[in-house]
Amino acid sequence: MKSFALILLALPIVGAMLTSCSDDDPFFSASEDDFPVILNTDLQNAWEGVPPVLKTIPRNENFVYEVTVTPSAYTTVTWVIDDLEVAEGTSVDMPMLAGEYNLKIVATTTKGLQTYRERRIIVTPLEGDPIADTDLPLERLLTQGAAAQLHGSNFDNVVKIEIGGAIVDVTNNNGVLSYTVPQNLANGVYRLQLIDAKGNAYGGGQVTVSSSPVFGSDAFQAKANADVELSGQNLDKIASVTVAGQACTIKEKTNNTITITVPQLEPGDYAFTATDVEGYTVKFISGSSLVEEATLTIVTETTLWEGEFEVTWGTPFNKLKDTFINYVHPGTVLRLYVTGEGQGCAATSWWSNIVTGQGDPNRGDIAIHGSMVLEYTLTELSMELLKTQQGFYAVGNGYTLKKVTVE
Numbered sequence: 027m028k029s030f031a032l033i034l035l036a037l038p039i040v041g042a043m044l045t046s047c048s049d050d051d052p053f054f055s056a057s058e059d060d061f062p063v064i065l066n067t068d069l070q071n072a073w074e075g076v077p078p079v080l081k082t083i084p085r086n087e088n089f090v091y092e093v094t095v096t097p098s099a100y101t102t103v104t105w106v107i108d109d110l111e112v113a114e115g116t117s118v119d120m121p122m123l124a125g126e127y128n129l130k131i132v133a134t135t136t137k138g139l140q141t142y143r144e145r146r147i148i149v150t151p152l153e154g155d156p157i158a159d160t161d162l163p164l165e166r167l168l169t170q171g172a173a174a175q176l177h178g179s180n181f182d183n184v185v186k187i188e189i190g191g192a193i194v195d196v197t198n199n200n201g202v203l204s205y206t207v208p209q210n211l212a213n214g215v216y217r218l219q220l221i222d223a224k225g226n227a228y229g230g231g232q233v234t235v236s237s238s239p240v241f242g243s244d245a246f247q248a249k250a251n252a253d254v255e256l257s258g259q260n261l262d263k264i265a266s267v268t269v270a271g272q273a274c275t276i277k278e279k280t281n282n283t284i285t286i287t288v289p290q291l292e293p294g295d296y297a298f299t300a301t302d303v304e305g306y307t308v309k310f311i312s313g314s315s316l317v318e319e320a321t322l323t324i325v326t327e328t329t330l331w332e333g334e335f336e337v338t339w340g341t342p343f344n345k346l347k348d349t350f351i352n353y354v355h356p357g358t359v360l361r362l363y364v365t366g367e368g369q370g371c372a373a374t375s376w377w378s379n380i381v382t383g384q385g386d387p388n389r390g391d392i393a394i395h396g397s398m399v400l401e402y403t404l405t406e407l408s409m410e411l412l413k414t415q416q417g418f419y420a421v422g423n424g425y426t427l428k429k430v431t432v433e
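Numbering-wise (my numbering), the sequence shown opens with residue 27 and increments by one.
Printed below as a string of structure tokens:
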């Protein structure tokens, strides 16, 4: 992404490479035929899935790090952040805007032998900084020339958004920023910058711009032989969907959603793919990348209640207050299907979080924008709370509870 250099806001100060051999060099006996090794102990732990965090720093501190490699005289180190090379050398010292970044440290010898390590860098905002919500998938899927919104906090002084090198004006309506995606942006992943009236820039998180269909996730859940609604962008351009190689019936398509009927499958994980009307493979968002295959998990989910209940501060949902405990145990996955504009939480009748036991202001209410599923994995503490705090409530304000399920 060419605009990434703007995000860092300064050229990195790169440490000099070790280019000579001497008696003081502990690796002087290594030759250019040796395979490169990155020796830092904090880069050696094994991991699966998302890379572990290497550093968490506030945005007013530089990202500073140094690596030791061998054979040092024959190895070049490059630093790649979010797929863009930003520095070369054994050390780096650079400012970064608030956000979560993927770091790749690549060591390459003069003979072309190569190794690398991947980690994450988390840069936290300062108090009072504009902070964009990052847990609203549809706001992170954009189409060229289309209207877009951004929820968050401390937006009062934000007057522009930078995306892909283009700066666009925003309007602020009750703390929600509205803007138009530049028409000439290429398909890809970009980082937003929030710019205030004084020209200061703040991290706004990543967005995916696409003129083609894109799903907002690479992992879905559904019941066998049942309908499921999936979210994304340009989904009305999808022509076919398959799960485990079997074609799914497409029931309804809009720009942001598609409803399909899942085949009769046993519980488990299955490959999920789709093609668009032009015959191209549809992409799925996976972290900061786009992939061509997702996972659909067939689950067995039991509905305890279904209907429409308007949850407000004065009217918590209490229809399962005394019976809920009969259907759950440690490890049960509780799901609240909700819609609206507000906040909500699965709780006890004492208004304590059903998983943590915390009350207001640390209850952990989840911001609700549109149709969402609030999911909780119950624990031994949950069972104790349900017994001692007189049963189950769904609390919060400004949303409609549509369904309560357990799995």
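Don't be surprised by glycine CBs; every beta carbon is placed ideally from N, CA and C.
(request) Please determine, among K309, T135, G366, A297, the residue with the shortest C-alpha to C-alpha distance to T435. (result) Not covered by the structure: residue 435. The range shown for the chain is 27 to 433.
(message) Could you tell me which whole beta strand (DSSP E) segments of length 3 or greater appear in the stretch 147-217?
(response) Counting whole runs of 3 or more residues, the stretch 147-217 contains the beta strand (DSSP E) stretches 173-179, 184-189, 192-195, 197-199, 202-206.
(request) Alpha carbon to alpha carbon, how far is N281 from V303? Give it in angstroms, no decimals. (result) Their Cα atoms are separated by approximately 14 Å.
(message) Using a Cβ-Cβ cutoff of less than 8 Å, which residues in the same chain neighbour Q140 once the five nearest sequence positions on both sides are dropped?
(response) These residues qualify, in order along the chain: P62, V132, A133, T134.
(request) Determine, using beta carbons only, whether D159 and G178 come nearer to each other than 7 Å. (result) Yes, these two residues count as a Cβ contact at 7 Å.
(request) Measure the C-alpha to C-alpha separation of T426 and R361 and round it to an integer number of angstroms. (result) Going from the Cα of T426 to the Cα of R361 covers about 14 Å.
(request) Pick helix, strand or coil for D51, following the three-state DSSP scheme. (result) Only weak support is given to the placement of D51: the predicted model assigns it a pLDDT of 48, under 50, and the value that follows is read from those uncertain coordinates. D51 sits in coil when the DSSP states are folded into three classes, being neither helix nor strand.
(request) Give me the Cα-Cα distance between T197 and G271, rounded to the nearest whole angstrom. (result) Cα atoms of T197 and G271: separation of roughly 46 Å, rounded to the nearest angstrom.
(request) For the beta strand (DSSP E) holding S397, just list the boundary residues, first then last. (result) According to the DSSP assignment, S397 belongs to the beta strand (DSSP E) that extends over 392-403.
(request) Helix, strand or coil for K263, going by three-state DSSP, please let me know. (result) Helix at K263.
(request) Could you give the DSSP three-state label for K413: helix, strand or coil? (result) Note: K413 maps to helix in three-state DSSP.
(message) Cutting at 7 Å between CB atoms, please list the residues of its own chain near A124, excluding the five before and the five after it.
(response) The residues are R85, V149, T150, P151, D155, Y228, G229.
(message) Here's the rule I'm using: 16 or more other beta-carbon atoms within 10 Å means buried, otherwise exposed. How should D68 be labelled?
(response) Result: exposed.
(message) Going by DSSP, what residue range makes up the beta strand (DSSP E) through E114?
(response) Segment 110-114, the beta strand (DSSP E) holding E114.
(message) Among V185, V95, V430, whose alpha-carbon lies nearest the alpha-carbon of T8?
(response) With the chain covering 27 to 433 only, the question about residue 8 has no answer from this structure.
(request) Going by DSSP, name the residue or residues bridged to C274. (result) None, per the DSSP bridge assignment.
(request) Would you mind working out which of A113, I193, L203 sits nearest D182, comparing C-alpha positions? (result) For D182, the closest C-alpha among the options A113, I193, L203 is that of L203.
(message) Short of 8 Å in beta carbon distance, which residues of its chain neighbour I264, apart from the five on each side in sequence? Order them along the chain.
(response) If you ignore the 5 residues before and after I264, its C-beta comes within less than 8 Å of the C-beta of P239, I276, K279, I284, A300, T301, D302, V303, V308, all in its own chain and listed in chain order.
(message) Rounded to whole angstroms, what is the Cα-Cα separation between I107 and V93?
(response) Approximately 16 Å between the Cα atoms of the pair.
(request) Taking all protein chains shown into account, decide if P78 is buried (16 or more other Cβ within 10 angstroms of its Cβ) or exposed. (result) By the neighbour-count criterion, in which 16 or more other beta carbons inside 10 Å mark a residue as buried, P78 falls on the exposed side.
(message) Going by the DSSP bridge assignment, what does T434 pair with across the sheet?
(response) Shown here, the chain extends from 27 to 433; a query on residue 434 therefore has no answer.
(message) Could you pull the DSSP bridge partners for S375 from this structure?
(response) Answer is none; S375 lacks a bridge partner.
(message) DSSP has A133 in a bridge; who is on the other side?
(response) DSSP lists V103, T141 as the bridge partner or partners of A133.
(message) Applying the 10 Å Cβ sphere with the 16-neighbour rule, what's the burial state of H355?
(response) Burial call: exposed.
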